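Worksheet for the structure shown next.
Numbering (full-length UniProt numbering), first residue to last: 1 to 345.
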């Protein structure tokens, strides 16, 4: 913890009090939460960024989209549009934000929308002529004006919310007690061989209650990098000199997976909008070599001057165990919620 964050500790106490009081008002019904007659699954975290929400949303899309009509609803962080936007063929990362645009391009059979006001966003989605059957709320754990039917809370291995403190001293958006709202808690970005005894220690540290389920996941990096037309084996690209480019919260694992001693790693802030000056600078640094970036960055850069040199590395979330139980729990919620809402019509 740096000195400035320590100095700001009194503000962390104040911020914690404000967010806790706000949650108290929602819990007691003083502040209104809106429920909807459709299964709504919220995925989020207690901390600021970097817990792997995008791979988890994509996992849920793959799990559910063969049986149900899915819609994702995100805020659209750093987008240049306002209000509710429904993704269509003219959309891009500037209009939707990088992650929603990635969903739209990757999963053509789902609906994708953005709206900072999630209540309005859901209302707009369910008023569409082709109404979705399930809505996945991306990064909406603190959006208490919507009462989701099911909450999935993510926390990163090595950066657990139980070891953190409130902003601005730490990275927590709300106090650790906010985890009590979660139906499922997932520890993300775990090593593949995480021992059972460490998993049990984490369970105790997070104080999982009897009504909650805890899972551990890791990130699988693909064996190929690609662009819109071709693929190259990672085993081959590792041997080449290249420029590795990332504008994500925690790029080190991405760099470590691909780099060799001749590579240059170039880091930008999370959700960075690349300017023309940025593009020119990247081209100069690349010196004609291949440029490999993350999938989230690729959707922002694929139509730029970098396109002929640009490739991305796909990732997926994988469960260290109990995958079938996670799948069954989510599917059971969807089935039960859909049936109850149908009965109440």
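Cβ coordinates follow ideal geometry from the N, Cα and C atoms, glycine included. Predicted model, so just to flag it, every value in this text is computed and none were measured.
Quiz item: Taking Cβ positions, are residue 245 and residue 258 nearer each other than 8 angstroms?
Solution: no
Quiz item: When DSSP labels each residue in this structure, what does residue 249 get in the three-state scheme?
Solution: coil
Exercise. Answer yes if the stretch 50–59 comes into contact with the stretch 307–321, meaning at least three C-beta pairs across the two stretches below 8 angstroms, and no otherwise.
Key: yes
Quiz item: Just to confirm, are residue 238 and residue 260 a CB contact at a threshold of 8 angstroms?
Solution: yes
Practice problem: On the DSSP bridge assignment, give the partners of residue 316 in chain order. | Solution: 220
Exercise. Would you mind sorting residue 34 into buried or exposed? The rule is 16 or more other CB atoms within 10 Å of its CB.
Key: exposed
Quiz item: Out of curiosity, what's the CA-to-CA distance linking residue 97 and residue 117?
Solution: 15 angstroms
Practice problem: Report the rounded CA-to-CA distance for residue 72 versus residue 263, giving the unit in angstroms. | Solution: 37 angstroms
Self-check item: residue 239 - DSSP class collapsed to helix/strand/coil
Solution: coil
Quiz prompt | Contacting residues, own chain, Cβ-Cβ under 6 angstroms from residue 166 (five flanking each side not counted) | solution = 12, 15, 16, 172
Exercise. Check residue 175 in the structure and name its three-state DSSP category.
Key: coil
Quiz item: Who are the Cβ neighbours of residue 268 in its own chain at under 6 angstroms, not counting the five residues just before and after it?
Solution: 247
Self-check item: Closest Cα partner of residue 334 within the set 154, 223, 217, 150
Solution: 150
Quiz item: So is residue 29 buried or exposed if we call it buried at 16+ other beta carbons inside 10 Å?
Solution: exposed
Quiz prompt | Coil, strand or helix - residue 71 by DSSP | solution = strand
Quiz item: CB-CB under 8 angstroms to residue 190, same chain, minus the five flanking residues each way: which ones, in chain order?
Solution: 157, 216, 217, 218, 320
Self-check item: Residue range of the beta strand (DSSP E) that includes residue 184
Solution: 184–188
Quiz item: Looking at the structure shown, is residue 7 part of a helix, part of a strand, or coil, going by DSSP?
Solution: helix
Self-check item: Presumed contact (8 angstroms Cβ cut-off) between residue 39 and residue 134, rounded CB distance
Solution: 5 angstroms
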